[in-house]
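Numbering of the sequence shown is given in the UniProt record's numbering, commencing with residue 1 and proceeding in unit increments.
In this text, a Cβ means the ideal position worked out from N, Cα and C, and glycines have one as well.
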Amino acid sequence: MSKDSIDGHDKNNRRRLANAIRALSMDAVQAAKSGHPGMPMGMADIAEVLWNDFLKHNPNNPEWADRDRFVLSNGHGSMLLYSLLHLTGYPLKIDEIKNFRQFGQRTAGHPEKEIEIGIETTTGPLGQGIANAVGMALSEKILSAAFNKPDMTIIDHRTWVFLGDGCLMEGISHEACSFAGTQRLGKLICFYDDNNISIDGDVKGWFTDDTSKRFEAYGWQVIQDVDGHDSEAVSQAIKESIDEPDKPSLICCKTIIGFGSPNKQGTESTHGAPLGEEEVAASRLTLGWDFPPFEIPNDIVSAWDARDRGEAQEKNWSRMYQKYSEAYPKLADEF
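Right under this line is the structure:
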């Protein structure tokens, strides 16, 4: 089925694309009898907009120098990342997702760095991923200053981060985000999964920071109260972030953990345990997902596939880099 068979910008179709993430995530966690389905189900709509409309990447060459970087700081939601990599065409096969959290598999409970399949860095210890991402964004700024020329921009990529309440509780995130604001890392864009739930329940008992004011004090642009299940609202927030060149951005997304689980969404029971066979079946009905475990229909497969688009983006960059290497051979050798 051709890519044109589904309009990826229609709201109903966007929800179907996001539901592919939800289905793979709850199926993999259920098969493993262990894992965290709630975050992938809650952030699936945000991920769909980012990866299909904004992320610059080439699944055929995960090591492309000027690719955007995506960091899943809340690494316990690893099935979100594995689903995205599989759906967009990276060399991560469905059998590896079926073997989620099994010894010796590349689909570990928390992502382990393997750039060859699109995993930029190891995450899991909360706060570590955002700190890594600040370093990546700083590297982009340093390299662009060293190598870009007025007529040719060979370094021009963004670092995108998903993070949650747990990441923002950790001291390392406070230090790194303060540094990011001071360094004016405008190409660092973070999505805060503001669902008010941790593995122990509602966070109001132990996390009462005014996160928005804290990040504004760091020198960040803060975009508040974005409906994380409204693709248009998410897209608009991303555009606002891109339009701010001198400040990192924090997009505060209101989400429902375990979105689509009729009896468990919005509760800690979706955070760190399988939904259970009956609830998985009920979630399929709620989401309108009429397919067996681990099965993705052809039109959804085609709509998600990012390989042709990524190949075209990298080819455009390579043509520019060829001209750059001829005009600035010493810099090209150093690069």
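- Which whole-angstrom value describes the C-beta separation of residue 337 and Gln30, a residue pair presumed to lie in contact below a C-beta threshold of 8 angstroms? Any answer about residue 337 is impossible in this case: the structure gives the chain only from 1 up to 335.
- Task: Could you tell me whether any Cβ in chain D is nearer than 8 angstroms to the Cβ of Gly35?
- Result: Of the protein chains in the structure, only one exists, and it is not chain D.
- Query: Would you call the CB atoms of Ser269 and Arg14 closer than 8 angstroms?
  - Reply: When the beta-carbon positions are compared, Ser269 and Arg14 stay at least 8 angstroms from each other.
- Item | Cβ shell of Asp225 (< 7 angstroms), same chain only, five flanking positions each side left out | Excluding residues within five positions, the ones whose Cβ falls inside 7 angstroms are Cys252 and Lys254.
- Rounded to whole angstroms, how far is the Cβ of Cys177 from the Cβ of Leu126, which I believe are closer than 8 angstroms? So it is not a contact: roughly 14 angstroms between Cβ atoms.
- With 16 other CB atoms within 10 Å as the buried threshold, where does Asn316 fall? Exposed is the call here.
- Note down, in chain order, each residue of its chain lying with its Cβ closer than 6 angstroms to the Cβ of Tyr218, except the 5 sequence neighbours on either side. Within the same chain, Tyr218 has close Cβ partners Cys177, Ser178 and Gly181.
- Out of Leu81, Ile300, Glu240 and Cys190, point me to the one whose CA is closest to Gly109's CA. Of the candidates Leu81, Ile300, Glu240 and Cys190, the one whose C-alpha sits nearest the C-alpha of Gly109 is Leu81.
- Message: Suppose you measure from the CA of Lys3 to the CA of Ile172; what does that come to, to the nearest Å?
- Response: Residue placement at Lys3 is flagged as unreliable, the pLDDT there being 42, under the threshold of 50; the coordinate-derived value follows with that caveat. Lys3 and Ile172 have their alpha carbons spaced roughly 42 angstroms apart.
- Query: Can you give the Cα-Cα distance for Tyr192 and Asn74, rounded to whole angstroms?
  - Reply: Each residue's Cα considered, the two are about 10 angstroms apart.
- Query: Nearest-angstrom Cα distance between Gln221 and Ile155?
  - Reply: Roughly 23 angstroms between the two C-alpha positions.
- Query: Where in the stretch 64–96 do unbroken runs of the beta strand (DSSP E), each at least 3 residues long, occur, reported from the N-terminal end onward?
  - Reply: Runs of beta strand (DSSP E) with 3 or more residues, each lying fully within the stretch 64–96, are found at 69–72, listed in chain order.
- Rounded C-alpha distance that separates Ile199 from Ile256: Computed Cα separation, rounded: 14 angstroms.
- Query: Do Met41 and Gly228 have their CB atoms nearer than 8 angstroms?
  - Reply: Between Met41 and Gly228, the gap from beta carbon to beta carbon reaches 8 angstroms or more.
- Given 8 angstroms, three or more beta-carbon pairs between the stretch 301–310 and the stretch 11–27: Short answer: they touch.
- Message: Assuming Ala44 and Met79 are in contact, meaning their beta carbons sit under 8 angstroms apart, how far apart are those beta carbons, in whole angstroms?
- Response: Actually they are not in contact, since the Cβ atoms of Ala44 and Met79 sit about 10 angstroms apart, beyond 8 angstroms.
- Query: Between which two residues does the beta strand (DSSP E) harbouring Gly164 extend?
  - Reply: Taken as a continuous stretch (DSSP letters only), the beta strand (DSSP E) holding Gly164 covers Thr159 to Gly164.
- Message: Taking the straight line between their C-alpha atoms, what separation do you get for Trp289 and Ala23?
- Response: Spanning the two alpha carbons is a distance of roughly 8 angstroms.
- Residue span of the beta strand (DSSP E) that contains Lys254, given as start and end: Here the beta strand (DSSP E) through Lys254 covers Ser249 to Lys254.
- Task: Confirm, please, whether the CB-CB distance from His9 to Arg67 is below 8 angstroms.
- Result: No, these two residues do not count as a Cβ contact at 8 angstroms.
- Tell whether a beta-carbon distance below 8 angstroms holds between Met39 and His76. With a cutoff of 8 angstroms on beta-carbon distance, Met39 and His76 are scored as near each other.
- Three-way DSSP call (helix, strand, coil) for Phe191 in this model: Reduced to three states, the DSSP call for Phe191 is strand.
- Task: Could you work out which residue in Trp206, Asn132, Arg309 and Asp151 is closest to residue 405 when comparing CA atoms only?
- Result: No answer is possible for residue 405: it lies beyond the span of the chain, which begins at 1 and ends at 335.
- Item | Residue range of the beta strand (DSSP E) that includes Gln322 | Segment Arg307 to Ala327 is the alpha helix (DSSP H) holding Gln322; no beta strand (DSSP E) there.
- Item | the stretch 141–156 in contact with the stretch 80–98 per 3-pair CB rule at 8 angstroms | Pairwise C-beta distances place the stretch 141–156 out of contact with the stretch 80–98, as fewer than three of them are shorter than 8 angstroms.
- Query: Which stretch, first to last residue, makes up the beta strand (DSSP E) that contains Gln224?
  - Reply: In the DSSP annotation of this structure, the continuous segment of the beta strand (DSSP E) that includes Gln224 starts and ends at Gln221 to Asp227.
- Go ahead and pull the three-state DSSP assignment for Ile257. DSSP places Ile257 outside both helix and strand once states are collapsed to three, so it counts as coil.
- Item | Reduced DSSP category for Gly42 - H, G, I as helix; E, B as strand; rest coil | Residue state, collapsed to three classes: helix.
- Query: Hey, would you say Asn61 sits closer than 8 angstroms to Glu314, going by beta carbons?
  - Reply: The Cβ-Cβ distance between Asn61 and Glu314 falls below 8 angstroms.
- Message: Here's the rule I'm using: 16 or more other beta-carbon atoms within 10 Å means buried, otherwise exposed. How should Ser241 be labelled?
- Response: Result: buried.
- Query: Alpha carbon to alpha carbon, how far is Pro111 from His57?
  - Reply: The straight-line gap from Cα to Cα measures roughly 18 angstroms.
- Task: From the DSSP output, in three-state form, read off Lys213 for me.
- Result: Three-state DSSP puts Lys213 in a helix.
- Task: Measure the C-alpha to C-alpha separation of Glu120 and Phe294 and round it to an integer number of angstroms.
- Result: Approximately 25 angstroms between the Cα atoms of the pair.
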